[in-house]
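What follows is a short report on a single structure.
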Amino acid sequence: MSKRRIFFSKTGMGKYISHLDLLRCFARTIQRSGLPVVYSQGFNPHQKMTFALPLPVGVTSECETVDIVFEDTVSDAEIRQKLNQNLPVDLYVLAVETPVHAAAEITAAEYRMVFTTATEVTKRQIQEFFGQTEVWTVKKTKRKGEKKINILDYVHAWEVLIAEEGEFTLRVVLDAGGERNLKPEILAKAIENYFLPLRIEEKEMHRCKIFCNNKDGTREVFA
Amino acid sequence: MDSMKFEQCLKKVQKPARYIGNEFNSIHKEWTPELMSVAFCFPDVYEVGMSHLGMKILYHMLNAREDTVCERVFAPWDDMEQEMRREGIPLLSLESRKPIREFDMIAFTLQYEMSYSNLVNMLDLAGVPLRAAERKRDEPFVYCGGPCAYHAEPLSDLVDFFVLGEGEEVNSEIMDVFKLWRDSGESREAYLEQIAKIQGIYVPSFYDVTYHEDGTIASFAPNRPGIPQRVKKRIIKDMDHTFIPEKLIVPFMEIVHDRIMLELFRGCIRGCRFCQAGYIYRPVRERSPERLFEVAEQCIQSTGYEEISLSSLSTSDYTRLFELTDGLLAMTVDKKINLSLPSLRVDNFSMELMEKVQKVKKSGLTFAPEAGTQRLRDVINKNVLEEDLIRTAKIAFSGGYNRIKLYFMLGLPTETEEDVLGIGKLAQKVIDAFYELPQEVRKGRSVSVTVSTAFFVPKPFTPFQWEPQNRISEMEEKARKLKDSITNKKIVYNWHSSDVSFLEEVFAKGDRRLGEVLIQAQKLGCKFDGWSDFFDYAKWQQAFADCGIDPTFYAHRRIGQDEILPWDYADIGVSKEFLKQELQRAYAGITTPSCREKCMGCGAAQFGGGVCFE
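Protein sequences appear in the order of chains H and Y.
Here the first sequence is numbered in full-length UniProt numbering, starting from 1 and rising by one per residue.
Here the second sequence is numbered in full-length UniProt numbering, starting from 1 and rising by one per residue.
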């Protein structure tokens with residue numbers, strides 16, 4: 001048996017599938033596909049499945065991964081083909097590979113965010129938002145507590161891709177992973193609030209890449 | 001449809017997965033002008049509606065027709081409804097997200113009376129005129145099927161027609177006639193006149209009702225030639241040779257019954273006198289294990305589900321149960337698929353059966369003695385003995401179970417204080433049974449019994465249809481007495497709300513004068529009445545008062561045996577004479593044997609199939 005990393009996209013209305021639902025969906029997809037998956041031992045046997053970085057509800061993605069243990073009899077290409085035959089339309093397997101990094105090595109993720117605006121927002125106004133020294137918000141912690149954070153501490157890089165009448169698009173790299181993580185939704189809310197009373201609404205959030213840090217501080221795409 | 005606006009709504013609501021569609025095996029057809037369209041509506045939220053077997057059958061059956069598209073519609077939860085109303089978005093289908101008022105047919109399934117307000121609310125949200133008489137030629141026909149359709153007179157002003165009985169054949173016939181009518185240019189009425197000739201179709205506007213001064217019905221008769229006085233239900237005679245879906249939609253979110261449901265048979269041989277299903281689904285017709293194996297194999301393959309459940313009114317009455325469970329286990333164990341057997345009876349429960357259920361996974365056990373004393377169990381013809389229950393409990397305890405749920409009813413005809421308190425005593429005997437077992441036999445250190453009571457709702461088409469329901473104060477008094485009598489902490493007691501049971505009775509036995517109450521109640525905001533967080537009795541009282549209607553007339557009155565009943569138009573096959581005879585036997589405490597022991601001549605044999613000819 002061997003662990004394979006399945007790279008997949010989640011698009012369209014699929015962004016509203018919660019993490020728990022996605023888990024169940026993959027389990028059933030594997031059952032349908034008849035692929036030789038390895039079950040856990042124990043009282044309630046189940047397929048061994050690990051998602052590297054859960055995707056928040058409301059975000060689409062082209063870089064999701066799930067690790068699943070298969071028998072060695074099946075090839076990566078066959079896994080990809082059979083999963084795609086059995087997945088719902090909004091989920092699609094892009095590649096199946098042998099894992100390089102461990103999920104624990106993940107440090108950042110890149111998102112594309114599209115906002116609609118009632119009136120024109122200039123590149124400069126957006127620069128001003130990111131130029132602030134601090135933007136405070138309250139973040140829910142894992143233990144049901146709350147924590148005050150400066151959002152900008154979590155932003156590694158940002159760029160205005162397009163700013164035109166009625167819409168602007170950002171590319172941002174945010175902290176991600178078990179250590180420090182910022183949901184893009186929190187940044188979107190902060191931007192919406194910053195421009196008030198101007199009405200700005202987040203329209204699309206899309207995860208483009210997941211990164212690991214190298215020892216020399218450079219970033220490498222999670223593979 | 002402005003999909004951007006719809007998406008903005010999704011961002012603001014809980015459980016958006018209820019509204020996204022695109023599940024595996026959902027059917028998305030290319031819409032063309034020639035295609036006939038059916039919006040199949042379940043008047044409750046997604047996770048409830050998606051659990052309904054009938055919808056799965058009819059959805060796939062209608063879509064199997066090349067000339068028809070069938071799409072699903074559920075009641076949006078309150079948060080979503082508010083967003084949609086704010087944005088001016090009408091009720092949409094799940095698949096193509098088209099407004100349902102653009103469909104040819106809007107079909108509702110009526111599974112319980114407490115969903116009627118949701119039906120009204122969904123029509124309102126859809127922008128479809130609420131009263132059938134107000135709908136124009138190019139507007140959809142609204143029709144209803146399901147068990148309540150036999151006695152849904154309260155909806156008869158809102159609905160164009162009802163389908164009585166099983167839908168596999170008749171829903172297709174409806175579409176055949178529609179196809180011809182659509183291109184004919186004829187009136188809506190002309191279509192209804194044509195389908196009223198099909199067995200199983202009831203068009204309420206073709207019947208006039210007059211009333212006596214005391215509110216009872218004076219006459220109920222067709223108002224035009226060619227319309228039958230009574231409408232006979234439809235059944236599927238041969239359960240092996242009828243449409244069974246082999247691909248089921250696999251939802252993303254967890255639904256109430258999130259598993260493959262194998263329908264073993266329709267009907268029930270038992271004839272419990274309180275149980276409407278036991279009469280309206282007669283005669284009992286079984287599927288063969290061979291056919292069920294085929295269906296199970298296909299469904300496992302097409303869904304990837306991790307559980308199969310056997311579905312019927314009384315699983316242990318299936319004649320070839322062991323053959324079936326053995327065969328199913330052979331195909332499921334290796335795939336780690338659970339097999340669950342609901343609706344077991346205590347009188348034929350065995351160790352062998354229990355072992356099959358728990359081969360893959362063990363869960364709690366539920367039994368329904370329904371009444372606390374043998375006398376009352378005889379009255380309701382629940383042929384379960386106390387010894388059976390204790391024997392079953394001991395089998396279960398030695399098999400490793402230590403949680404048992406018991407279901408009872410309060411307010412049954414002839415009930416005395418002894419019967420009420422008998423419930424607590426019976427639960428205590430189950431506890432005692434646990435401690436009577438040697439320690440090495442029983443597994444687990446402690447035992448718990450959950451007792452749930454529902455208030456009895458006398459239903460049409462049962463021997464108790466003429467019986468009055470207990471008043472709310474009586475019901476609550478009984479529940480309190482029972483509660484006070486239970487002192488053992490190992491017994492947990494839950495009971496259902498009495499207001500809901502009262503309203504359920506009103507709409508179960510109601511006539512067409514209640515249509516205005518439903519419309520008024522929707523205006524006042526009544527919806528999701530089956531959900532305790534939404535049910536608002538005060539609003540309903542207001543609606544009755546606004547319409548000048550006394551609901552107790554329907555619930556608390558003993559109905560005369562010679563009265564015309566609001567549901568007399570429906571011919572379920574079982575005769576009124578038989579029901580009267582059963583009522584007399586109930587009063588006398590005489591039980592009636594099951595269909596397999598002795599035919600009592602109920603009338604269902606006229607359908608020419610099933611257990612009547614075994």
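Every residue, glycine too, gets a C-beta built ideally from N, C-alpha and C.
message: Could you compute how far the alpha carbon of residue 109 of chain H sits from the alpha carbon of residue 208 of chain H?
response: 8 Å
query: Could you give the C-beta distance for residue 40 of chain Y and residue 18 of chain Y, rounded to a whole number, given that I count them as a contact under 8 Å?
result: Not confirmed; about 16 Å, so no contact.
- prompt: For residue 42 of chain H, which residues in chain Y fall below 9 Å Cβ to Cβ?
  reply: Per Cβ cutoff of 9 Å: no residues; residue 42 of chain H is ~11 Å from chain Y at best.
query: Under the three-state reduction of DSSP, which class applies to residue 112 of chain Y: helix, strand or coil?
result: coil
task: With a floor of 3 residues, list each beta strand (DSSP E) that falls wholly inside the region 65-112 of chain H, ordered by position along the chain.
output: 91-97
query: Does residue 74 of chain Y come within less than 8 Å of chain H when only Cβ atoms are used?
result: no
- prompt: Hey, is the region 32-41 of chain H in contact with the region 95-109 of chain H, meaning 3+ C-beta pairs nearer than 8 Å?
  reply: no
- prompt: Hey, how far is the Cα of residue 204 of chain Y from the Cα of residue 386 of chain Y?
  reply: 46 Å
field: Inter-residue Cα distance where the pair is residue 200 of chain H and residue 280 of chain Y
entry: 57 Å
- prompt: List, in order along the chain, the chain Y residues whose C-beta lies closer than 9 Å to that of residue 28 of chain H?
  reply: 24, 250, 303, 304, 305 and 306
Residue span of the beta strand (DSSP E) that contains residue 369 of chain Y, given as start and end: 365-370
message: For residue 444 of chain Y and residue 399 of chain Y, I'd like the C-alpha separation in whole angstroms.
response: 10 Å
- prompt: Mind checking if residue 17 of chain H is an interface residue toward chain Y, Cβ cutoff 8 Å exclusive?
  reply: yes
message: I'd like to know whether the C-beta of residue 245 of chain Y is nearer than 8 Å to at least one C-beta of chain H.
response: no
- prompt: For the region 87-108 of chain H, which residues have a CB atom closer than 8 Å to at least one CB atom of chain Y, in sequence order?
  reply: 87, 88, 89 and 90
query: DSSP state of residue 240 of chain Y, grouped into three classes?
result: coil
- prompt: Does residue 600 of chain Y get closer than 8 Å to chain H when you measure Cβ to Cβ?
  reply: no
query: Which same chain residues, not among the five before or five after residue 559 of chain Y, have their C-beta less than 6 Å away from its C-beta?
result: 466
message: Within a Cβ cutoff of 8 Å, which residues of the same chain sit near residue 27 of chain H, ignoring the five residues on either side of it in sequence?
response: 46, 47 and 49
field: Candidates Y:120, Y:86, Y:150 and Y:378: closest to residue 568 of chain Y by CA position
entry: Y:150
query: Which chain H residues sit within Cβ distance under 7 Å of residue 17 of chain Y?
result: 16, 17, 18 and 21
- prompt: Just the Cα atoms here: how many angstroms apart are residue 176 of chain Y and residue 191 of chain Y?
  reply: 11 Å
message: Assuming residue 602 of chain Y and residue 282 of chain Y are in contact, meaning their beta carbons sit under 8 Å apart, how far apart are those beta carbons, in whole angstroms?
response: 7 Å
7 Å Cβ cut-off: residues of chain H touching residue 10 of chain Y: 16
Simplified DSSP assignment, three categories, for residue 602 of chain Y: coil
query: Distance, Cα to Cα, residue 367 of chain Y vs residue 197 of chain Y?
result: 43 Å
Cutoff 7 Å; reference residue 211 of chain Y; Cβ partners in own chain excluding five residues on either side: 217 and 218
- prompt: Looking only at C-alpha atoms, which of Y:487, Y:452 and Y:526 sits nearest to residue 497 of chain Y?
  reply: Y:452
- request: Quick one: which residues of the region 537-560 of chain Y get their C-beta closer than 9 Å to a C-beta of chain H? List them in chain order.
  value: none
query: So what's residue 1 of chain Y in DSSP terms, helix, strand or just coil?
result: Low local confidence applies: a pLDDT of 49 at residue 1 of chain Y is under 50, so the model's placement there is unreliable, and no value is given.
- prompt: Taking Cβ to Cβ, would you say residue 299 of chain Y is nearer than 8 Å to residue 260 of chain Y?
  reply: yes
Residues in the region 54-88 of chain H having any Cβ partner in chain Y nearer than 8 Å: 57, 58, 86, 87 and 88
- prompt: Any beta-carbon of chain H closer than 8 Å to the one on residue 21 of chain Y?
  reply: yes
Opening and closing residue of the alpha helix (DSSP H) in which residue 222 of chain Y lies: No alpha helix (DSSP H) contains residue 222 of chain Y, which is instead part of the beta strand (DSSP E) from 217-222.
task: Report back the beta-carbon spacing between residue 529 of chain Y and residue 500 of chain Y to the nearest angstrom; my notes put them in contact at under 8 Å.
output: 7 Å
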